[in-house]
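Take a look at the structure set out below.
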Amino acid sequence: MATNRADSLPEFQIVNAAELPVSEACLRNRQPIVDVLATELPGRAVVLELASGTGQHAEFITEQLPHLTWQASEVANRMGVLNARRLQSHRDNFLPPLVLDVGQDLWPVKQVDAVFAANLVHCLDWPHVRAMLYGVGRVLRLGGLALFYGPYNYNGEFTSDGNRALDAWVRQEFHPNAGLKDFEQMVLAARREKLRLLKDVAMPANNRMLVFRKYQ
Ligand SMILES: C[S@@+](CC[C@H](N)C(=O)[O-])C[C@H]1O[C@@H](n2cnc3c(N)ncnc32)[C@H](O)[C@@H]1O
Numbered sequence: 135m136a137t138n139r140a141d142s143l144p145e146f147q148i149v150n151a152a153e154l155p156v157s158e159a160c161l162r163n164r165q166p167i168v169d170v171l172a173t174e175l176p177g178r179a180v181v182l183e184l185a186s187g188t189g190q191h192a193e194f195i196t197e198q199l200p201h202l203t204w205q206a207s208e209v210a211n212r213m214g215v216l217n218a219r220r221l222q223s224h225r226d227n228f229l230p231p232l233v234l235d236v237g238q239d240l241w242p243v244k245q246v247d248a249v250f251a252a253n254l255v256h257c258l259d260w261p262h263v264r265a266m267l268y269g270v271g272r273v274l275r276l277g278g279l280a281l282f283y284g285p286y287n288y289n290g291e292f293t294s295d296g297n298r299a300l301d302a303w304v305r306q307e308f309h310p311n312a313g314l315k316d317f318e319q320m321v322l323a324a325r326r327e328k329l330r331l332l333k334d335v336a337m338p339a340n341n342r343m344l345v346f347r348k349y350q
């Protein structure tokens with residue numbers, strides 16, 4: 135996120151479209167993300183996006199991949215920006231966003247074909263990552279895909295100085311126990327929810343797209 139202006143917005147406030155915050159990171163990573171989604175989700179599918187943030191990914195993806203029906207979601211105090219972005223986009227396949235904290239017990243979704251989250255996992259502590267994976271395992275149909283974009287450590291090591299700096303920043307900004315997660319631990323935690331790693335795709339700027347498939 136380039137800006138935290140959304141954090142100060144009252145719940146459900148509709149924001150003037152001209153004042154919508156813009157994530158520079160999203161502008162940089164949106165095309166590589168769309169390229170992976172186009173490959174992994176070639177047919178019609180309902181996709182739940184967790185932590186939609188400014189809604190820029192939802193807006194770009196629904197424009198570029200019109201065969202996807204996009205269910206964006208966010209925590210309550212960021213819904214104003216997300217709603218405003220959707221209204222601005224005028225796209226039928228960008229559904230009205232849902233309030234969804236990945237730590238909540240019941241998710242307001244029955245079943246989806248895929249789940250996507252960008253730059254969420256490193257903003258969470260491990261209990262929230264486990265809660266997220268549990269929720270994903272519940273709402274994803276058998277054979278459905280979960281795609282988690284963002285930076286990960288390998289064998290306990292950062293893969294770049296930038297990722298090390300990001301780790302320090304999110305611990306300060308979000309939670310002392312947030313920070314980059316180990317790829318290997320992520321794969322093990324996902325398996326407990328019957329999510330098997332399908333692909334670990336290298337993405338620009340030392341990011342990855344972890345693709346999991348739900349099995350029985
Ligand atoms: C780094 S931003 C990424 C936003 C967006 N996905 C993007 O890539 O531009 C992290 C997002 O995670 C959201 N978030 C943090 N904790 C969350 C939780 N417990 N449940 C759902 N979303 C959460 C924040 O509100 C924020 O929008």
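Residue numbers (my numbering): 135 to 350.
The beta-carbon is built from N, C-alpha and C at its ideal position, and this holds for glycine as well.
As DSSP reads the structure, Met337 sits in a beta bridge with Asn341.
When only Cα atoms are considered, Arg325 and Arg264 end up about 11 Å apart. A direct Cα-Cα distance of roughly 11 Å separates Leu234 from Leu182. Here the distance from the Cβ of Ser157 to the nearest heavy atom of ligand 1 is below 8 Å. Rounded to the nearest whole angstrom, the CA to CA distance from Val236 to His262 is 7 Å. The beta carbons of Thr203 and Val180 sit about 5 Å from each other, so the pair counts as a contact at 8 Å. Put simply, the segment 244-260 touches the segment 282-298. At least three CB pairs are less than 8 Å apart. For Gly313, the CB contacts under 7 Å within the same chain, skipping 5 residues up- and downstream, are His256, Asp301, Val304, Arg305 in chain order.
Nearest to Leu332 by alpha-carbon distance, out of Ala218, Glu291, Arg347, Gly187, is Arg347.
Residues of the same chain with a CB within less than 8 Å of the CB of Pro230, apart from the 5 flanking positions on each side, are Asn217, Arg220 in chain order.
For Ser207, the distance from the CB to the nearest heavy atom of ligand 1 is below 8 Å. Contact annotation, Leu274 with Gln350: C-beta distance approximately 12 Å; criterion of less than 8 Å not satisfied. Secondary-structure assignment with DSSP links Ser207 through a beta bridge to Leu232. Here Ala172 really is in contact with Leu199; their C-beta atoms are around 6 Å apart, less than 8 Å. Of the heavy atoms belonging to ligand 1, at least one sits nearer than 8 Å to the Cβ of Leu184. Here Glu183 carries a strand assignment [DSSP, helix/strand/coil].
Phe317 sits in a helix when the DSSP states are folded into three classes.
Sequence-distant partners of Gly269 (beyond 5 residues in either direction) whose C-beta falls short of 7 Å from its own C-beta, in its chain, are Val236, Trp241. Residue side-chain check: Phe308 places its Cβ nearer than 8 Å to a non-hydrogen atom of ligand 1. Between the alpha carbons of Arg330 and Phe292 lies a gap of roughly 24 Å. Following the DSSP letters along the chain, one finds Tyr268 inside the alpha helix (DSSP H) bounded by residues 260-273.
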